[in-house]
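Here the structure is laid out as structure tokens; the discussion comes afterwards.
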Amino acid sequence: MRSTSEQADGPGRPDGTDGPGERATPGGPAAPEAPRDPAASGTPAAPEAHAYPDHWEADVVLRDGGTARIRPITADDADRLVSFYEQVSDESKYYRFFAPYPRLSAKDVHRFTHHDFVDRVGLAATVGGEFIATVRYDRIDARGLPATVPADEAEVAFLVQDAHHGRGVASALLEHIAAVARERGIRRFAAEVLPANTKMIKVFTDAGYTQKRSFEDGSVRLHLDLEPTDRSLAVQRAREQRAEARSVQRLLAPGSVAVVGAGRAPGGVGRTVLRNLLGAGFTGPVYAVNAALDAATATLDGAPAFPSVGAIGAPVDLAVLAVPAERVPEAVADCGEHGVRGLVVLSAGYAESGPEGRERQRALVRQARSYGMRIIGPNAFGVINTAADVRLDASLAPEMPAAGRIGLFTQSGAIGIALLAGLHRRGAGLSSFLSAGNRADVSGNDLLQHWYDDPATDVVLLYLESIGNPRKFTRLARRTAAVKPVVVVKGARHSGSAPPGHRVPVTRVPHATVSALLRQAGVIRVDTVTELVDAGVLLAGQPLPAGPRVAILGNSESLGLLTYDACLTEGLRPRKPVDLTTAATPADFRDGLAAALADDACDAVVVTAIPWVGVEGTTEVLAASLREAVAGGGAAGAAKPVVVVHVEMGGLAEALSAATSTRPPGEGPTRRPAPPRPDAPAPPAPAAPEPAPDAGPGGPEGEEAAAARNIPAYPAAERAVRALAEAVRYGQWRRQAADPGRVPEYDSIDEAGAAALIDRVLGARGAGREARGVTLTAEETAALLGAYGITVRAALPAPGPDRAAEAAARLGYPVALKTTAPHLRHRPDLGGVRLDLADEQQLRTAYAELTEVLGKPEELQPVVQAMAPRGVDTVVRASIDPAVGAVLSFGLSGAASELLGDTAHRLVPVTDRDAAELVRSIRTAPLLFGWRGSAPVDTPALEELLLRVSRLVDDHPEIVSVALEPAVVAPTGVSVLGAAVRLAPPPPTTDLGPRRLPTY
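Take the sequence shown: its position 435, counting from 1, is numbered 435 in UniProt numbering, and each next residue is one higher.
Have a look at this one:
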């Protein structure tokens, strides 16, 4: 194989072999190409036909933030291939063929556009419908193998247009061609590269796959094992993060903006956005675009006006579309053809309006991505960036928010307005804001990628109506939460995921499961928009508490007691409130707060305040006194969060936020500057700053920072304490995140044996090939679980009293007799279970009673089982959700989990710390630890059972569900009395394959 720098694919030499001066195939001597390659014989012939694999199509974000489409190459691409090859430099062609090769012959074109999608596959990266890069593999025949056994190695080759070098195209193509190869049974790639072609060597070596390298005959030979490794997955996700963060950065910090649809008459959506851009003081050129404008219309609101984007004659980075939906395609084409990098589509009439609108939305996304553009919207509210060197307000917000440390994402424009207003009233500023509307392209996941290492953002607030890719969201949220708080409120939680007719495809995941998984990921999950603001202002203005100990002080004994009760309700450890009495002065508050902050026995302070009677101007003095105490506390030792609960003290919240780190020095009021004069020159566009790697929470430190902190104020004790409790829990998670635990190894696990059994079952039963899968028999279930050290107590069928007696004799007394009919299973309250039967006479008596009361044996399906030690009945389940992934669930058997929903969930694989938390996080957990004098059960054995089930499901993706019910936890040991396992071919994953954008 020949490869070129982010350079390389291509054609064979003119005589049909693989390049001038045919060289040895890696791993063997020079030889003619295998018979499976018709072109090698010199007579082009179409490979065996296979269905077009449309699931290989994908939109990807490249290193520079632009997009490209990856798809299989077909016979219809001949002209595109020829045009593409003509634009490749002679150097790239030389690197590919080790010799000059200026043009493609007809035979070459046929060869590289006709594939069987099995042994020979070609993929192309396209922008605007034209090729910018290609990759292909050809399976290498394995000598000596039977013809029915396909080889598992292939040669791979790339070629990237020189104009697109450095964009990460080859890396993205390698991810996708490797996934295709694995799907087709190929396990290794072979490549031969000239030593001078360092860029291509780097593409392979940096991918993270296990590889071997050798030097022979003047070229470097590489062999890549395509089995994903921890390093290859880490490389892939790091590239995904950089690319998607860069794509958002291009939207948030454009060098120039055009508003398409800005009308000549005052008012209207386009004109409003234009005035907001100019009023915010955007630092780059702003253009007005309207097809109805004539040459005489030189400006609108001081911005140069043009009839089209193409007529501007200067680069445009971001276009805001405020035209009717039927005119959007024309505007998108105008933008795409003139190099616009991103779009904010304010226009409505898309998926929110019904089936016709949904199809219009799909067409919009496909059209924009074909030009390499990303979209905010449609039906969007807009985007804001308060950075001093940008000052972008391409939104419909009534005013520009103050600069601050909070990043805010919403799907709803109405909720966006409410959140912006709420944060403004509380004195909290924003670093950036994006309201995505229908979220057809840019989503909360993209913003998490950007904010993760954005040095201007310390806190992330998200309002989500749906989670389109919960698996990816959970992964990104966990990574971000490890360095800065992520607070989420999710709407439509009672409908599963989103309201009827929601704008984008979503996955319906139970609310309880989503909440549990978000908590596991370190996300601060709140229920209302008010709580979102409450938590946001505290986290943005105060340090994280070191623990749950809370000091309470104030001038109202009653308000102090309310605060004390609220702390107990939220699981905090409040100290006895300190009553400063109603005669307390601001100086008394200052001294009391300073003493609390200096006390090593508390981790946070709640100050409660009621108005003074007949005293003027005390609010500002009190705020100054509290800030003074906080400044002294920050200098004296470890910083502690302070929150204030006030009753009818107008202006206290504003006074407490008057000196805040959320507004940079010199920042004035949030009123918009006046638009520039029509004759004022446009300021130069700033360069978009590169995000800083591995940036943690920002904010100043020390005495000066403590003095500048925004002390959040709340009108109710419950709201203040709830926000503080969320900060305490997040701080605890953050401290534990550095040591998430480990996934234990067990010597008793027979992974190979379990895999063989699964292959045997799926191969033998046609049902296993169906979407619903196949349920294992009791014997198969016991064998599969036994391979992982999980013993299921045998249960023998008892269709009659004689068979029951025979079964009991085999198992040994005492035994249990129970029904397994679906309507009676796991319902001991209905009398379908008889325990501790000590001999045959008791067994026969119980059998007669059972059938007399509940029905005939064929209806009851009775079984006999050896008695297990008495204990607590629990349920352990694992299931695969295509969106979330594998989830392990735990609860107590019966009404506790089924009726009350007292079940805990964790993502697989589960660590030892996760297992311990899973057992202790259900409300009925005290029953496991000796409630009301009962004997504690063997929770270490229960945790080991959970860990073994997690390993089983994680090792074998064909296992789509496991249910152990009941699993009786005794004072010593665990007995699994019932088990069910279902298999299916491995389900598609949404986050473990090559990176891709959501498909429309």
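Heads up, the beta-carbon is just placed ideally off N, CA and C, and yes, glycines get one too.
All figures in this text were calculated on a predicted structure; none of them were measured in a lab.
What span of residues does the beta strand (DSSP E) with residue i cover, start to end?
{"i": "Tyr463", "result": "Val459 to Leu464"}
{"i": "Lys818", "result": "Val815 to Thr819"}
{"i": "Asp873", "result": "Val872 to Asp881"}
When the Cα atoms are used, what is the spatial distance from residue i to residue j?
{"i": "Ala984", "j": "Pro998", "result": "25 Å"}
{"i": "Val645", "j": "Ala723", "result": "12 Å"}
{"i": "Phe589", "j": "Phe433", "result": "36 Å"}
{"i": "Glu858", "j": "Arg982", "result": "24 Å"}
{"i": "Pro611", "j": "Val605", "result": "20 Å"}
{"i": "Leu626", "j": "Lys484", "result": "26 Å"}
{"i": "Ala713", "j": "Leu656", "result": "8 Å"}
{"i": "Ala596", "j": "Arg729", "result": "21 Å"}
{"i": "Tyr137", "j": "Gly741", "result": "41 Å"}
{"i": "Gly407", "j": "Gly168", "result": "28 Å"}
{"i": "Ala967", "j": "Gly978", "result": "7 Å"}
{"i": "residue 1071", "j": "Val289", "result": "No statement about residue 1071 is possible, as the shown extent of the chain runs from 1 to 1000 and does not include it."}
{"i": "Val642", "j": "Leu544", "result": "10 Å"}
{"i": "Pro355", "j": "Gly789", "result": "52 Å"}
{"i": "Arg358", "j": "Glu352", "result": "7 Å"}
{"i": "Gly501", "j": "Tyr350", "result": "In this predicted model, Gly501 has a pLDDT of only 39, less than 50, meaning its place in the structure is not dependable enough to derive any value."}
{"i": "Pro909", "j": "Ala915", "result": "10 Å"}
{"i": "residue 1002", "j": "Gly786", "result": "Outside the shown range of the chain (1 to 1000) lies residue 1002, about which nothing can therefore be said."}
{"i": "Glu704", "j": "Val286", "result": "Residue placement at Glu704 is poorly supported in this model, since its pLDDT is 47, which falls under 50; the coordinates still yield a value, given next. Using only the alpha carbons, I get a separation of about 38 Å."}
{"i": "Val578", "j": "Gly554", "result": "7 Å"}
{"i": "Leu462", "j": "Ala481", "result": "13 Å"}
Buried or exposed: where does residue i fall if 16 or more other Cβ atoms within 10 Å of its Cβ makes it buried?
{"i": "Trp733", "result": "buried"}
{"i": "Arg923", "result": "exposed"}
{"i": "Glu751", "result": "exposed"}
{"i": "Asp839", "result": "exposed"}
{"i": "Pro986", "result": "exposed"}
{"i": "Val504", "result": "With a pLDDT of 39 at Val504, under the threshold of 50, the modelled position of that residue is not reliable, and the figure given next carries that caveat. With 16 or more other Cβ atoms within 10 Å, it is buried."}
{"i": "Lys856", "result": "exposed"}
{"i": "Ala39", "result": "Note that Ala39 scores a pLDDT of 36, beneath 50, so its modelled location is shaky and nothing firm can be said."}
{"i": "Asp600", "result": "exposed"}
{"i": "Arg391", "result": "buried"}
Give the range of the alpha helix (DSSP H) segment to which residue i is assigned.
{"i": "Ala551", "result": "Not the alpha helix (DSSP H): Ala551 falls in the beta strand (DSSP E), residues Arg549 to Gly554."}
{"i": "Val489", "result": "Per DSSP, Val489 belongs to no alpha helix (DSSP H); it is in the beta strand (DSSP E), Val486 to Lys490."}
{"i": "Glu965", "result": "Per DSSP, Glu965 belongs to no alpha helix (DSSP H); it is in the beta strand (DSSP E), Ile959 to Val969."}
{"i": "Thr563", "result": "Glu557 to Thr569"}
{"i": "Arg913", "result": "Asp912 to Arg920"}
{"i": "Thr845", "result": "Glu840 to Leu854"}
{"i": "Ser443", "result": "No alpha helix (DSSP H) contains Ser443, which DSSP labels as neither H nor E."}
{"i": "Asp59", "result": "First-last for Asp59: Ala58 to Val61, but that is the beta strand (DSSP E), not the alpha helix (DSSP H)."}
{"i": "His55", "result": "His55 -> no alpha helix (DSSP H), and no H or E assigned at all."}
{"i": "Ala787", "result": "Element bounds for Ala787: n/a, residue is neither H nor E."}
{"i": "Ala414", "result": "Gly413 to Arg425"}
{"i": "Glu470", "result": "Contrary to the premise, residue 470 reads as Pro rather than Glu in this sequence. From DSSP, the alpha helix (DSSP H) with Pro470 extends over Pro470 to Ala481."}
{"i": "Pro304", "result": "Careful: Pro304 lies outside any alpha helix (DSSP H), inside the beta strand (DSSP E) at Ala303 to Phe306."}
How about residue i: is its C-beta nearer than 7 Å to some C-beta of chain B?
{"i": "Leu817", "result": "Here chain B cannot be found, since the structure has a single protein chain."}
Using 6 Å as the cut-off, classify the Cβ of residue i as near or not near the heavy atoms of the ligand ZN, replying yes or no.
{"i": "Ala595", "result": "For the ligand ZN, the structure offers nothing, since it holds no ligand at all."}
Query raised in the report: What are the uninterrupted segments assigned as alpha helix (DSSP H) that are 4 or more residues long and contained completely in the UniProt domain "N-acetyltransferase" (68-227), given in chain order?
Result: Correct list: 78-86, 90-97, 106-111, 169-183 and 198-205.
Query raised in the report: Can you find at least 3 beta carbon pairs, one from the stretch 313-324 and one from the stretch 338-351, that sit closer than 8 Å?
Result: yes
Query raised in the report: Taking the runs of the beta strand (DSSP E) that are 3 residues or longer, which of them lie wholly in the stretch 339-385?
Result: 342-345, 374-376 and 382-385
Report task. Would you check if there are 3 or more beta carbon pairs closer than 8 Å linking the stretch 536-543 to the stretch 419-437? Result -> yes
Requested in this report: Please confirm if the stretch 922-942 is in contact with the stretch 891-907, defined as three or more CB-CB distances below 8 Å between the two stretches.
Outcome: When C-beta atoms of the stretch 922-942 are compared with those of the stretch 891-907, three or more pairs fall below 8 Å, so the two segments count as touching.
**Report entry** Cβ contact (3+ pairs, closer than 8 Å) linking the stretch 188-201 and the stretch 217-235
**Finding:** yes
Query raised in the report: Just checking, does the stretch 364-376 make contact with the stretch 126-138 on the three C-beta pairs under 8 Å criterion?
Result: With a cut-off of 8 Å, the stretch 126-138 and the stretch 364-376 count as touching, because enough Cβ pairs lie within range.
Query raised in the report: Three or more C-beta pairs closer than 8 Å, one from the stretch 262-269 and one from the stretch 325-336: is that the case here?
Result: no
Query raised in the report: If you pair each beta-carbon of the stretch 392-401 with each one of the stretch 466-477, do three or more pairs fall below 8 Å?
Result: With a cut-off of 8 Å, the stretch 466-477 and the stretch 392-401 do not count as touching, because too few Cβ pairs lie within range.
Report task. Would you check if there are 3 or more beta carbon pairs closer than 8 Å linking the stretch 247-262 to the stretch 73-80? Result -> no
Query raised in the report: Is it a yes or a no for the stretch 569-584 touching the stretch 550-558, going by three-plus beta-carbon pairs under 8 Å?
Result: Yes, since at least three Cβ pairs between the stretch 569-584 and the stretch 550-558 fall closer than 8 Å, the two stretches touch.
Query raised in the report: Between the stretch 224-238 and the stretch 201-211, do three or more beta carbon pairs fall short of 8 Å?
Result: Touching, yes, given that three or more Cβ pairs across the two stretches are closer than 8 Å.
Report task. Report yes or no: do the stretch 298-305 and the stretch 274-283 share at least 3 C-beta pairs separated by less than 8 Å? Result -> Segment contact: the stretch 298-305 against the stretch 274-283, three or more CB-CB distances shorter than 8 Å; contact assigned.
Query - Residue ranges of each alpha helix (DSSP H) within the stretch 566-629, 4 or longer - result: 586-598
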